[in-house]
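**Q** Per the numbering used here, numbering of the sequence shown is gapless, rising by one per residue and ending at 124. Glycine residues also receive a C-beta, built at the ideal position from the N, C-alpha and C atoms. I am attaching a structure below and will ask some questions about it afterwards.
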Amino acid sequence: MLTKILVTLLVIVGAFAYLRSGRGSKVSRSEALAVESSPFLSRAVIYAMIAVSMIASAGFWGWTWYDDNTVVEVTISSPVEAMSASYQVRKKDIEAQRITTVDGIQIRLSNQERITVKAAENQ
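Structure below.
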């Protein structure tokens, strides 16, 4: 949430800076072209920003996929029946009222059962 606010403020400040510089002194068209930087540099900066953005997005997507497919050990404890059972589960398969084991077994959880998640020992 804080990141969204900071990015929004950064965009607003950038827009104000752009608008203020656009209202500067009036310069003729020929003088403006002489002062303008090379188009190659502008394109290089734009392509570099796009490349960094794509690499960051791919890295985030890859890390999310890796983290979701991490196998963890889930222990289900039932205070009513005084029993405990452990299963190997991928992180993405842990839901509010149900888990799906690595073997494909779906286990529905009741409101009384308590689950404990820890890193799997045989990774």
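If we count the other Cβ atoms within 10 Å of its Cβ and call it buried at 16 or more, is residue 90 buried or exposed?
**A** Answer is buried; the Cβ neighbour count reaches 16.
**Q** Only counting the same chain, and skipping five residues up and downstream in sequence, which positions put a Cβ closer than 6 Å to that of residue 114?
**A** 77, 79
**Q** Within the chosen definition, does the segment 92-112 reach the segment 69-76 through at least 3 CB pairs nearer than 8 Å?
**A** The segment 92-112, when compared against the segment 69-76, does touch it at the 8 Å Cβ threshold.
**Q** On the three-state DSSP scale, how would you describe residue 106?
**A** coil
**Q** From residue 111 to residue 43, what does the alpha carbon distance come to, in whole angstroms?
**A** Going by the C-alpha atoms only, they are around 60 Å apart.
**Q** Going by Cα to Cα distance, which pick from 120, 21, 53 is closest to residue 73?
**A** 120
**Q** Which two residues bound the contiguous beta strand (DSSP E) that contains residue 45?
**A** Not the beta strand (DSSP E): residue 45 falls in the alpha helix (DSSP H), residues 40-69.
**Q** Taking residue 97 as part of the beta strand (DSSP E), name the residues at either end of that continuous run.
**A** Element bounds for residue 97: n/a, residue is neither H nor E.
**Q** Just list the residues that DSSP pairs residue 89 with in beta bridges.
**A** 74
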